[in-house]
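Read the structure below first, then the notes.
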Amino acid sequence: MSRPRIICHMHTLLDGKVDGIANITEVGLRAQREYHALMLGPDRAFSGHRGWLSGRGTSEAILGGPREPDLPESFDPVPEGDFIAQPDADWFYFAVDGSGKLAWDRAGFEYFGAEAHIVALISGAVPEAYKAFLRQQGVSYLIVGEDRLDMGEAVQRIGETFGVDELILGGGPNLNWSMIRQGLVDEISLVLMPTADAEGHTSPLFRSSGDAEPIPVEFAFRSAEPLSDGSVWLRYDVVGEIEES
Numbered sequence: 001m002s003r004p005r006i007i008c009h010m011h012t013l014l015d016g017k018v019d020g021i022a023n024i025t026e027v028g029l030r031a032q033r034e035y036h037a038l039m040l041g042p043d044r045a046f047s048g049h050r051g052w053l054s055g056r057g058t059s060e061a062i063l064g065g066p067r068e069p070d071l072p073e074s075f076d077p078v079p080e081g082d083f084i085a086q087p088d089a090d091w092f093y094f095a096v097d098g099s100g101k102l103a104w105d106r107a108g109f110e111y112f113g114a115e116a117h118i119v120a121l122i123s124g125a126v127p128e129a130y131k132a133f134l135r136q137q138g139v140s141y142l143i144v145g146e147d148r149l150d151m152g153e154a155v156q157r158i159g160e161t162f163g164v165d166e167l168i169l170g171g172g173p174n175l176n177w178s179m180i181r182q183g184l185v186d187e188i189s190l191v192l193m194p195t196a197d198a199e200g201h202t203s204p205l206f207r208s209s210g211d212a213e214p215i216p217v218e219f220a221f222r223s224a225e226p227l228s229d230g231s232v233w234l235r236y237d238v239v240g241e242i243e244e245s
């Protein structure tokens with residue numbers, strides 16, 4: 001099958017940031033409930049997905065902060081290939097972790113009423129001890145890419161392995177922009193929250209990372225809808241890089 005349709009579904013403050021002190025105010029939390037309802041609510045707008053994809057920073061926040069995984073000193077030989085612990089889970093959380101750094105202490109978690117099973121996206125360069133660690137925790141994994149994570153292969157394999165034709169991307173700014181640049185995102189769904197805090201050190205919706213040069217990308221307007229809390233739900237199709245004339 002072809003890769004799933006990928007929707008980058010995010011919320012930002014009016015100053016364009018995805019985090020900050022305004023997020024945890026009553027106004028910010030009310031807006032986030034609207035955002036999650038579009039993705040996970042009983043009358044959700046996106047109904048073809050069974051899970052969502054996020055980067056390491058989001059996963060570390062779920063775990064309560066970064067820390068080293070407690071790798072086993074000895075373990076039975078790890079079978080080759082992927083490991084799928086719960087193929088029939090209702091929801092999946094796909095965690096980008098190319099080098100095998102996330103210290104999972106559980107096989108799943110509850111997120112706004114959705115019980116999600118964790119699936120780590122790792123590269124073939126991840127040590128066998130880390131794969132054994134994931135198996136001990138009951139965390140599934142897909143090996144996508146040899147020396148480094150291949151996100152094109154990752155989303156293709158997610159579609160094939162779990163039979164989904166729609167996938168929600170809720171990454172950090174680097175992951176969101178990287179996947180847009182690779183042509184792996186079809187739609188931007190943005191809940192613009194009625195609050196701001198003007199913090200200078202917080203993260204934007206998109207950010208170019210590493211040695212990648214920033215490029216202009218075009219988006220085609222689909223719709224704008226006011227939500228009950230005062231947020232605005234914006235939707236855009238991803239057109240692609242704007243070529244210089």
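Taken in order, the sequence shown gives residues 1 to 245; the numbers are from UniProt numbering.
Heads up, the beta-carbon is just placed ideally off N, CA and C, and yes, glycines get one too.
| Item | Value |
| --- | --- |
| May I have the straight-line CA-CA distance separating phenylalanine 92 from valine 144, to the nearest angstrom? | 17 Å |
| Going by DSSP, which residues form a beta bridge with lysine 17? | Pro204 |
| Please name the residue in Glu26, Ser54, Gly152, Ile21 whose C-alpha comes closest to that of glycine 172. | Ser54 |
| Do you know how far the Cα of aspartate 197 is from the Cα of serine 140? | 38 Å |
| With burial defined as no fewer than 16 other Cβ atoms inside 10 Å of the residue's Cβ, what is the status of glutamate 213: buried or exposed? | exposed |
| For tryptophan 52, does the three-state DSSP call read helix, strand or coil? | strand |
| Do serine 189 and histidine 36 come within 7 Å of each other at the CB atom, strictly closer than that value? | no |
| Expressed to the nearest angstrom, what Euclidean distance is found between the alpha-carbon atoms of lysine 17 and phenylalanine 206? | 9 Å |
| Assuming serine 128 is part of the alpha helix (DSSP H), what are its boundary residues? | Strictly speaking, residue 128 in this sequence is glutamate, with serine absent from that position. Where glutamate 128 is concerned, the enclosing alpha helix (DSSP H) stretches over 128–137. |
| Can you have a look at threonine 50 and say buried or exposed, based on whether 16 or more other CB atoms are within 10 angstroms of its CB? | Residue identity differs from the one stated: residue 50 is arginine in this sequence, not threonine. Counting Cβ neighbours within 10 Å, arginine 50 comes out buried, since at least 16 surround it. |
| Per DSSP, what are the beta-bridge partners of arginine 30 in this structure? | Note: arginine 30 sits in no beta bridge, so no partner. |
| If we ignore side chains and look at the alpha-carbon of each, how far apart do proline 204 and proline 4 end up? | 26 Å |
| Would you report the Cα separation of leucine 149 and glutamine 156, rounded to the nearest angstrom? | 13 Å |
| Roughly how many whole angstroms lie between the Cα atoms of aspartate 186 and serine 74? | 44 Å |
| Look at the alpha carbon of glycine 183 and the alpha carbon of glutamate 68, and state the distance between them as a whole number of angstroms. | 33 Å |
| What's the C-alpha gap between glutamine 137 and aspartate 105? | 6 Å |
| Identify which residue in Leu14, Leu13, Asn23, Gly48 has its Cα closest to the Cα of aspartate 165. | Gly48 |
| Would you mind giving the Cβ-Cβ distance between alanine 116 and glycine 108, rounded to the nearest angstrom? I have them listed as a contact below 8 Å. | 6 Å |
| In terms of residues, what are the limits of the beta strand (DSSP E) holding glycine 10? | For the record, residue 10 in the displayed sequence is methionine; it is not glycine. Note, methionine 10: beta strand (DSSP E), 5–12. |
| Okay, do the segment 23–42 and the segment 218–231 touch, 3+ Cβ pairs below 8 Å being the bar? | yes |
| Assuming isoleucine 122 and aspartate 97 are in contact, meaning their beta carbons sit under 8 Å apart, how far apart are those beta carbons, in whole angstroms? | 6 Å |
| Use the C-beta contact count for alanine 95: other C-beta atoms within 10 angstroms, 16 or more gives buried, fewer gives exposed. | buried |
| Measuring alpha carbon to alpha carbon, tell me which residue in Trp233, Phe221, Pro216 is nearest glutamate 243. | Pro216 |
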